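Residue numbers (this note's numbering), protein chains in the order written: chain G, 127 to 295; chain R, 127 to 295. The structure appears below as structure tokens.
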DNA sequence: CGCCAATCCTTGAATATTCAATATTCTCAA
DNA sequence: TTGAGAATATTGAATATTCAAGGATTGGCG
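If you want it as structure tokens, here you go:
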């Protein structure tokens with residue numbers, strides 16, 4: 127939405143976006159931000175995450191807690207560092223979130239007997255029960271995405287994302 | 127329950143990269159979290175964003191400020207609401223970030239004469255100069271991604287992300 | 001052994017974000 | 001015309017995250 131045409135003055139180069147191009151080119155320095163992979167990822171993530179957040183709010187649980195419960199629901203003990211990587215949280219943030227979950231008796235800490243620097247996290251029965259309800263909500267969200275976005279696109283997108291993550295390390 | 131730390135140390139939790147699988151299936155309720163689209167998006171976004179952040183830190187500027195400068199660099203006035211949507215920030219967060227950028231004289235506010243509830247944001251010359259340097263850093267990052275990830279994958283991923291965003295609204 | 005560096009987690013202070021409430025301006029219908 | 005309600009941006013308090021530092025434990029090496 128352009129309000130004041132007088133402000134446009136000093137820009138010398140004008141770029142017309144040739145829609146006819148079949149394939150998106152790598153962005154030039156003056157390309158709109160919407161052509162940057164980093165932006166598209168952030169935008170898609172924001173939207174999908176918001177939808178998921180909305181569903182999970184039925185149980186009053188943030189997305190990160192669902193991730194934690196899901197990782198722990200294999201029944202094994204997971205150290206804080208391992209868990210932080212898995213659930214995409216920095217260590218101090220995870221520590222404080224775990225504090226909350228411990229006082230909600232969703233998870234509990236055990237000192238690792240093999241390496242006493244470590245703390246192993248376990249899921250409680252209450253945590254398991256909550257995790258089941260959350261899984262159901264999350265799956266229904268993904269089904270909803272597949273409905274409007276298509277099965278093929280969804281699978282292809284997942285495949286490409288996995289591959290991107292793999293190539294980025 | 128007793129803890130066998132040897133189990134934990136030995137298996138890789140996060141990236142079980144099953145390249146051989148032909149097609150990812152929609153996640154069941156007990157699927158690992160790595161099969162959820164929402165998680166893959168968050169993971170990819172986190173990684174790419176961190177890389178970009180690292181590059182932009184050369185200029186001491188957070189990613190969001192680059193987005194703001196880039197959107198404003200069309201030379202037109204953009205209202206706060208419009209801008210907030212474009213740069214993926216909530217309104218109060220944007221207001222406070224703009225406050226900082228104004229005191230750095232990167233952008234400036236003008237009350238919209240057509241609708242005095244609105245504030246139009248403009249980029250300053252200093253902001254333009256910074257934006258050019260940032261664009262160069264951002265483009266070089268994307269080139270780096272294309273190098274290791276491939277031209278075809280990158281373009282296909284972008285296409286799918288655009289389509290996902292479109293279908294989610 | 002004994003020491004020093006590295007690893008792991010947590011803490012506290014600084015910083016940033018979000019939620020709810022506010023102020024201002026606009027819209028529109030009575 | 002005017003008043004109620006919607007739209008826009010900002011503010012302040014509550015909350016959350018991050019950064020830097022610390023305490024505890026381990027591993028390795030002289």
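Where is the CB? At the ideal position from N, CA and C, for every residue including glycine. This one's a predicted model, so the numbers in the text were calculated from it and none came from an experiment.
Boundaries around residue 235/R are those of the beta strand (DSSP E), 233-237, since no alpha helix (DSSP H) includes it.
At a cut-off of 7 angstroms, the C-beta of residue 265/G has a neighbouring C-beta in chain R. Apart from sequence neighbours up to five positions away, the residues of its chain that approach residue 238/G with a beta-carbon distance below 6 angstroms are 244, 246, ordered along the chain. Beta-bridge partners assigned by DSSP to residue 249/G: 233/G. For the pair residue 272/R and residue 255/G, the Cα-to-Cα distance works out to about 43 angstroms. Under the three-state reduction of DSSP output, residue 205/G falls in the strand class.
A distance of 7 angstroms or more separates the beta carbons of residue 249/G and residue 170/R. Listed by position along chain G, the residues whose Cβ is nearer than 8 angstroms to that of residue 217/R form an empty set, because the closest Cβ is around 15 angstroms away. Counting other Cβ atoms within 10 Å of its Cβ, residue 284/R reaches 16 or more and is therefore classed as buried. Close to chain R, meaning a Cβ-Cβ distance shorter than 9 angstroms, are the following residues of the stretch 148-167 of chain G: 149, 150, 151, 152, 153, 154, 155, 156, 157, 158, 159, 160, 161, 162, 163, 164, 165, 166, 167. A straight-line Cα-Cα distance of about 26 angstroms links residue 251/G and residue 216/G. Rounded to whole angstroms, the gap between the alpha carbons of residue 197/G and residue 200/R is 45 angstroms. Among the residues of chain G, those whose CB is under 7 angstroms from the CB of residue 173/R are 291, 294, following chain order. Excluding the 5 residues flanking it on each side, residue 228/G has same chain C-beta neighbours closer than 8 angstroms at 234, 235, in chain order. DSSP places residue 157/R in the coil class of the three-state scheme, outside both helix and strand. Taken through DSSP and simplified to helix, strand or coil, residue 294/G comes out as coil.
Contact check for residue 289/G and residue 274/R: beta-carbon distance about 11 angstroms, past the 8 angstroms limit, so the pair fails to qualify. The shortest CA-to-CA distance from residue 179/G to any of 177/R, 153/R, 165/R, 174/R is the one to 165/R.
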